Structure formats: structure tokens, C-alpha cells
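Remarks on the structure that follows.
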Amino acid sequence: MPPVYSSSENTILKEIAHQNGGALSRNMQVVSTQTQSIGTICCMLPISRLTFCTSSLVMAPIASPSSQLTTPTNTPFDEQQPGGGECRKGVKYLVDAAPNMRTLPSEYIMPQPLIPSSVNAAPIPIVDLSGLDGAVERRMIAVQAISSACAEWGFFRIINHGIDISLMDEMLETVKGFFNLSWEEKMKYASDDVMNPVRYGTSLNTPKKHTLVWRDYLRHFGYPIHKSFHLWPNNPPNYRFIAKAYLEEVWKLALKIAEAISEGLGLERDYIEKSLGEGSQIVACNYYPPCPEPNRTLGLVGHSDHGGLTILMQNDVEGLQVKHDENWVAVPHVPGTFVVNIGDYLEILSNGRYKSVEHRAIVNAEKTRISVAAALGPEMMATVAPASPLVDEKSESKFRPIIYKDYMRYQQSTPLRGKSALQPIMTMANNSIAKPS
Ligand SMILES: O=C(O)CCC(=O)C(=O)O
Ligand SMILES: [Fe+2]
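Numbered by full-length UniProt numbering, the letters in the sequence shown go through residues 1 to 437 in order.
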């Protein structure tokens, strides 16, 4: 029985199409009567100079033939667009080329409501992960701590996580080495396909077509490592080897936390791990150089992460902010710790019990900030849906099933902000429509 979409859901879908460039393409089918179903919706995004991707979102049925999806195309950088030319080379390039820059290039000036104001420091929960290796009672305390942190904050800091600080430092150092390469070298990894296993780029997912953010990034697939290792940057020469060691450790760590989260949700301990199938890991290495007018722009606009859990480390420059109770709060840097956050996949799997949390990055005038965010997710072809034990007569399914790859592609391509990528898959039972910040 195909799903039935209400007129309000159709309105959201039309709104997405509208925000993504206006007209519906030939591939888009939005049905306006209440009794019809939507098979496949393909949103043609406007081709912009930096996010030139064509996005597609499979709604249902899950087995929609992938032939109906529009494939991202390799569109060359558009020199004619404002911000084409120099901006496309990245913010590090701009800063290196004009070390005395005093004014923010206009492409980076954020719309007024998105400009960060001063915020308070966040007392995000701290979880001692060593408790998970302890005896039953101690483990239960740690599971409970993780469960409350997930429910109340969706963000927590972990200590005693078992990963060597020297490996964390080496990873940050080799990431810095990558960004210090010439832009020509980095551009070897540039791709306009959001699903490319390795991508160097700048900006991405900006709130407005012509607004850029003050960050360069290197994103690539991690676990299962053998599938993409040979594609990762081989310059700096140690990058692949350090990233492999680091990502393997972080994958194991994420699985350990996922076990505790499964237990906290009342599921079998290996429920989440099993739901991942082979699993997928995507790492985003973010580089935010000093910015001439940090109060007029952002490093990353408010967003939630698509995966299940993100494990984030950073150098000693603060900049992460989290939305808590509708207010932005700053996450202090504590050396040797990781910050963990819930992503959309876990919000869906937990049927909304745990919420993915909006977060953003601000920039500063003096220092370069580097962060490394590694997300644990299911295999690309996994069907993402609420865990069946969490769906019953009392608690209807709050999300429609979707193929992870399609969700990720859509979430990565959309210029929409906040958690709005989740909206199209929310059901009528879900009345917590996320408002973009
Ligand atoms: O740089 C940060 O602190 C946040 C990075 C982030 O949110 C991301 O890469 O998804
Ligand atoms: Fe993020």
C-alpha cells in the first residue's frame, strides 16, 4: 500500500522544490490531491558555483528504481558567478593571497538573522566512557548517562575514551598539512558530486545561493576503509596511514557508544550495529582560517548531521555552537576529549526519542580552527526507518522509510538550513516540524 501524503506534506515538498530553484523538473512529481501517493521525487537544485549538484530524494516506495533518480553531474566551476574565480579556490587561498585583508568579501556576508550574536558557554554533559568497560552496575551508570545526554542535549563530551592523544594530534597535524598544500594540489580532489568518496571543496550547503561560508573542507569515506583508502589524498605522504589508524579507532569507539545507546533505548545491545549492515563512515576535515570580519559570517551554518553519531575533535581554537532549548550555546574546547552528537539517522531509528541537534561553527579573527568530524552511519543502500520495537499503537512511526544514500545526497545538497532535510520524511504522527534557525 503506497503512502498517502497530506496536503500539508505536499506543501512542504513543493516548498522544497521552490527553494531549490523554483520550477519542478520533468522528473519531479508532486501530487496535490490528498489520496495520491508520491513515488519518486527528484529535486533539481540550481547549479551554483560551489555546490553544483543535482539532488534527488527518494520518498517511497523504498524500492523506487534508482534509474528515476537524477545523477549529479560534473559541472565545471562557473567563473561568471559572483564568487566564482578566486572564491572557488577556497578561503585559505583568499587569506594567503591577501594577508592584510580587512574587509570580508561580500559573498561571505551572511543574511542578518544568521549572524552569530554572543552566546553563553554550554554545560554539555560529560560521560566517562570507561564505565562501559566496567562491571554490570558501573556499565549501567554509563549507559544511563549516555541515554540522558542523548535525550536532553543530543550532544555530550566523552572522556576516558581510549584513543591515544598522540593519534588525535597526528590526525590534526596531517589534516593541517593537507590544507597547507597549494590549491592546485588540493583541487585534484575537488568534485561537485556530493556522493564522491573523496571531496575537497569550500563553503557548501549555504543558506542562500550567493552566500558562502568561511570554511574549506576535505570529506571522504572511511570505514570500510579498503573500499576508498586508495582514493584518499596521498599528500601529505602520511595522510592515508594516519587517517586509517584514526578512523579505525573512531569507528570502534562509535560502535561502543552505539551499543550503549541501543541499551538505553531498550533495544538489544547490538541493535544499532546490526541496523548499519556493513556500515559507512564519512569524515569531514574542516579548515576555518582567520577571518577579517568574523561577526559577519559563519564557518558552517546551523545544520544537523545525516549519520547516526558524529565524533568530533578539534584543535585548540573554539568555534562550535549547539542549539539547545532554542538558544545557541558555545561548546568549550577541552583537550584530549571528543564531542559526540546525535545525527538524523539516530533520530529516525529512535523514532524521534533522540533528536539530532543543530550546530554551527563560528570563525575568529586571529587563529585557524581545524575540526575533524567522523560520522557513523549505515551502509548506503540501507533502508532507514524507526526501529520496529519502538513503533507500536501508542507510538506511531514518525518517519517514512528512506534509503540512506538518498537521504544523505539530499541532505548534503540542499541549501535549506537547520533540520529541514528531515521534514519530507516526517509522517503525520510527527508534530515536531523542525524550524530552521
Ligand atoms: O567544526 C565544527 O566544530 C563542526 C563541524 C561539523 O559540524 C561538521 O563537519 O558537520
Ligand atoms: Fe555537523
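From the three backbone atoms N, C-alpha and C, an ideal C-beta is built for every residue, glycine too. As the structure is a computational prediction, the values presented were derived from the model and not from experiment.
Can you tell me whether residue i is buried or exposed? The criterion is at least 16 other CB atoms within 10 Å of its CB, across all chains shown.
i	result
His220	buried
Ala365	exposed
Asp192	buried
Ile311	buried
Ile115	exposed
Met426	buried
Ser420	buried
Asn238	exposed
His230	exposed
Pro105	buried
Ala243	buried
Thr103	exposed
Pro389	exposed
Glu107	buried
Asn351	buried
Glu86	exposed
residue 525	No answer is possible for residue 525: the residues shown for the chain start at 1 and end at 437.
His226	exposed
Determine the contact status of residue i and residue j, defining contact as a CB-CB distance below 8 angstroms.
i	j	result
Arg215	Ser203	yes
Met101	Pro292	yes
Val372	Pro378	no
Trp251	Tyr223	yes
Gly90	Asn341	no
Arg269	Glu263	yes
Ile159	Asp128	yes
Ser413	Val194	yes
His359	Gly302	yes
Asn315	Ile370	yes
Ala387	Leu349	yes
Thr368	Tyr288	yes
Ala361	Asn286	yes
Ala149	Ala330	no
Ala258	Leu422	no
Met380	Ser280	yes
Ala142	Ala260	yes
Gly299	Ile165	no
Glu273	Ile163	no
By the three-class DSSP mapping on this structure, what secondary structure does residue i have?
i	result
Val383	The sequence shown places Thr at residue 383, not Val. Note: Thr383 maps to strand in three-state DSSP.
Phe241	helix
Ser371	strand
Cys285	strand
Met101	coil
Ile62	Note that Ile62 scores 30 on pLDDT, short of 50, meaning its location in the model is unreliable and no value can be drawn from it.
Lys323	strand
Ala330	strand
Gln423	helix
Met195	coil
Arg157	strand
Gly418	strand
Val317	coil
Leu114	helix
Ser280	strand
Gly21	Model confidence at Gly21 stands at a pLDDT of 34, short of 50, so the residue's coordinates are unreliable; what they give is reported in the following sentence. Gly21: coil per DSSP, three-state reduction.
Asn120	strand
Leu390	helix
Gly266	coil
Leu212	coil
Asn341	strand
Ala365	coil
Gly352	coil
Gly162	coil
Gly377	strand
Quick one: give me the first and last residue of the beta strand (DSSP E) that residue i is part of.
i	result
Met428	Element bounds for Met428: n/a, residue is neither H nor E.
Tyr217	Asp216 to Phe221
Asp128	Ile126 to Asp128
Ile311	Leu309 to Gln314
Arg360	His359 to Ala361
Val301	Leu300 to His303
What span of residues does the alpha helix (DSSP H) with residue i cover, start to end?
i	result
Gln144	Val136 to Glu152
Gln411	Tyr404 to Ser413
Asp169	Ile165 to Phe179
Tyr200	Element bounds for Tyr200: not the alpha helix (DSSP H) but the beta strand (DSSP E), Val198 to Thr202.
Ile348	Asp344 to Leu349
Ile272	Tyr271 to Ser275
Trp183	Trp183 to Met187
Inspect the CB distances between the stretch 341-348 and the stretch 126-142 and report whether three or more fall short of 8 angstroms.
no
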